[in-house]
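**Q** Under the numbering used here, the sequence shown has 147 at position 23, and the numbering climbs by one with no breaks.
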Amino acid sequence: MHRAQTTWGGRARDPAPAQHRLADTMIDYWTRFARTADPNGPSSPYWPRQTVLSLAPDHVVLTRTTRLRHHCAFWDALR
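1. What did DSSP end up calling Leu177 once you bin it into helix, strand or coil?
2. Could you tell me the distance, in whole angstroms, from the CA atom of Asp182 to the CA atom of Phe198?
3. On the three-state DSSP scale, how would you describe Leu186?
4. Kindly list the residues whose CB is nearer than 8 Å to the CB of Ala140, restricted to its own chain and excluding five residues on each side of it in sequence; keep chain order.
5. By the DSSP assignment, the alpha helix (DSSP H) with Pro141 in it spans what residues?
6. Please list, in chain order, all residues of the same chain as Thr187 whose beta carbon is under 6 Å from its beta carbon, the five residues on each side excluded.
7. How about Arg156 and Asp148: are their beta carbons less than 8 Å apart?
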């Protein structure tokens with residue numbers, strides 16, 4: 125069960141259609157990355173290497189923030 129499917133105060137919380145599309149996009153990125161080491165594919169917005177992507181419902185875009193702000197040096201060190 126996903127957190128979005130849990131109940132809050134006895135009422136089911138149904139994600140909006142845009143949230144479902146974002147979840148599908150994120151799943152696509154992760155599964156392609158796990159399979160090929162490249163998150164890009166025909167069904168998702170292109171994600172250039174060495175960039176930070178903002179993932180929001182119906183708004184998947186490159187950010188203007190720096191790699192430093194997203195702790196990329198930490199993740200790069202794990203390679």
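Note that the Cβ used here is the ideal one computed from N, Cα and C, for glycine as well.
**A** On the basis of the coordinates in this document:
1. What you label residue 177 is simply residue 53 of the sequence shown in a count that begins at 1. Strand, per DSSP.
2. Taking the first residue of the sequence shown as 1, we reach residue 182 at position 58. Taking the first residue of the sequence shown as 1, we reach residue 198 at position 74. Going by the C-alpha atoms only, they are around 29 Å apart.
3. On the sequence shown, position 62 is the one that residue 186 refers to. Reduced to three states, the DSSP call for Leu186 is strand.
4. For the purposes of this step, residue 140 is identified with residue 16 of the sequence shown, where counting begins at 1. Here the set comprises Pro181.
5. In the sequence shown, the residue the question calls residue 141 occupies position 17. From DSSP, the alpha helix (DSSP H) with Pro141 extends over 141-160.
6. If you number the sequence shown from 1, residue 187 lands on position 63. Within the same chain, Cβ atoms closer than 6 Å to the Cβ of Thr187 are found at Val176, Ser178, the five residues on either side in sequence being excluded.
7. Here residue 156 is taken as the residue at index 32 of the sequence shown, counted from 1. Here residue 148 is taken as the residue at index 24 of the sequence shown, counted from 1. No.
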